[in-house]
Ligand code: PEP
Ligand code: MN
């Protein structure tokens, strides 16, 4: 349920509604715009519906939400969420993030090289996996804590924030010690225990769409994180499974445009995992920006031929720099800018 307060409703009026809801055992999540406050109500349906909130002072409208999500919806919060990452990076509301780096952290030299190249080309965050979700249990599984340390050190050496995946909820605290953004991979999109946990941690979260998840399932997964109190969430379209095998996945750009209308959360496009092919990454990155994406996730490796993971879709540093240059005119047309201050 959403309680829409009148324009400029007073604090006592808002607090009165919140108090009634909490007496009824419901949670009230406030979205406060400059003029309007909207209260998202989470609790037992019958109990909250039976409260007579409509007639209270300051209440304009009570809306029963039929969708399986509330807090992530534009009904609850019409304005774009702007996520701040580290001291300089912002995502959303016209600020575009570029998260770049290798699929997996492999060595100090690799990370230092790639961090410098990404920073120079204008990336706003450094990515790299230390815990890798591999289809085969015999494939390289990542360097673990040592990988986190190398990633952090490389990012610090060039002043970029770190995005990295939490593969298992048991590692969440450890990953959070090193990372600025906690990534939930496609295979974990519906790991609800993990989403609950990340919802109570103070770090921004990047939630990737599942391999065969609908838009509604993706938004419902996102709701878990917001429900826990963490509003700093970004979603990522990374391609979905279709009958097509030429590309690794199918980049669902219509979902990007649709998500922009349905949710206030920033939407990131990952053309690397979506296409699986280096030669398609640049053009689909540009297409993502035109579709309204608030950011890109791009795999970059100094030596893709010898990458331990996802070499065929990794850009070399010069390719990445070229792609970054090609974004500038598009950002200008969109009225957006790289999210770095
Ligand atoms: C990744 O970003 O390295 C990754 C494993 O992505 P996904 O979860 O989208 O497959
Ligand atoms: Mn990868």
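Residue numbers (this note's numbering): 24 to 364.
C-beta atoms are modelled at their ideal positions from N, C-alpha and C, and glycine is treated no differently.
(message) Looking at the secondary structure, which residues open and close the alpha helix (DSSP H) in which residue 141 lies?
(response) 131-144 is the extent of the alpha helix (DSSP H) around residue 141.
ask   = residue 347: which of 336, 47, 314, 304 sits nearest, CA to CA?
value = When each option's Cα is compared against that of residue 347, the closest is 304.
For this session: Compute the Euclidean distance between the alpha carbons of residue 207 and residue 229, then round it to the nearest angstrom.
Result: Rounded to the nearest angstrom, the two C-alpha atoms are 6 angstroms apart.
Can you list, in chain order, the residues of its chain with a C-beta nearer than 6 angstroms to that of residue 70? Leave out the 5 residues immediately preceding and following it. 47
>> If the criterion is Cβ atoms closer than 8 angstroms, does the pair residue 254 and residue 104 meet it?
In response: yes
Open item on the list: Per the DSSP calculation, residue 107 is bridged to which residue(s)?
Closed with: 113
- Query: Does the distance from the C-beta atom of residue 336 to that of residue 300 stay below 8 angstroms?
  - Reply: yes
### Query
What does a CB cutoff of less than 6 angstroms around residue 129 pick up in its chain, not counting 5 residues either side in sequence?
331
**Prompt:** Does any heavy atom of ligand 2 sit closer than 7 angstroms to the C-beta of residue 322?
**Reply:** The nearest non-hydrogen atom of ligand 2 is less than 7 angstroms from the C-beta of residue 322.
Practice prompt. Answer yes or no: the CB of residue 203 versus the heavy atoms of ligand 2, is any distance below 7 angstroms?
Written response: no
Would you check whether ligand 2 has a heavy atom nearer than 7 angstroms to the C-beta of residue 259? Within 7 angstroms of the C-beta of residue 259 there is not a single heavy atom belonging to ligand 2.
### Query
Should residue 126 be counted as a contact of ligand 1 given a C-beta to heavy atom distance under 7 angstroms?
yes
| message | Among 186, 197, 225, 50, whose alpha-carbon lies nearest the alpha-carbon of residue 205? | response | Nearest in C-alpha terms to residue 205, of all of 186, 197, 225, 50, is 186.
For residue 120, list the residues DSSP reports as bridge partners. 318
Check: Secondary structure at residue 207, three-state DSSP: helix, strand or coil?
Finding: Note: residue 207 maps to strand in three-state DSSP.
*asked:* My output table needs one value for residue 52: the three-state DSSP class, helix, strand or coil.
replied: In the structure shown, the three-state DSSP call for residue 52 is strand.
Which residues share a DSSP beta bridge with residue 88? In the DSSP output, where bridge partners are listed per residue, residue 88 has none listed.
- request: Please confirm whether any heavy atom of ligand 1 lies closer than 7 angstroms to the CB of residue 156.
  value: yes
Item to check | First and last residue of the uninterrupted alpha helix (DSSP H) at residue 267 | outcome: For residue 267, no alpha helix (DSSP H) run applies, since DSSP gives it neither H nor E.
| For the putative contact between residue 120 and residue 311, defined by C-beta atoms under 8 angstroms, what is the C-beta separation to the nearest angstrom? | Between residue 311 and residue 120 the Cβ distance is about 12 angstroms, and since that is not below 8 angstroms, they are no contact.
### Query
Between which two residues does the beta strand (DSSP E) containing residue 8 stretch?
Because residue 8 is not part of the residues shown, which for the chain are 24 to 364, the question remains open.
- Compute every distance between the C-beta of residue 332 and the non-hydrogen atoms of ligand 2, then say whether any falls below 7 angstroms. yes
What does the Cβ neighbour count give for residue 351, buried or exposed, with the cut at 16 atoms within 10 Å?
Label assigned to residue 351: exposed.
- Within 7 angstroms: the Cβ of residue 39 and any heavy atom of ligand 2? No, since every heavy atom of ligand 2 falls outside the 7 angstroms radius drawn around the Cβ of residue 39.
Under 7 angstroms from any heavy atom of ligand 2, does the C-beta of residue 329 make it? no
Margin query: Given 7 angstroms as the limit, tell me if residue 293 has its C-beta closer than that to any heavy atom belonging to ligand 1.
Written below: At least one heavy atom of ligand 1 is nearer than 7 angstroms to the Cβ of residue 293, so yes.
- List the whole-angstrom C-beta distance separating residue 140 from residue 340, where the pair is believed to meet the contact cut-off of C-beta under 8 angstroms. 3 angstroms
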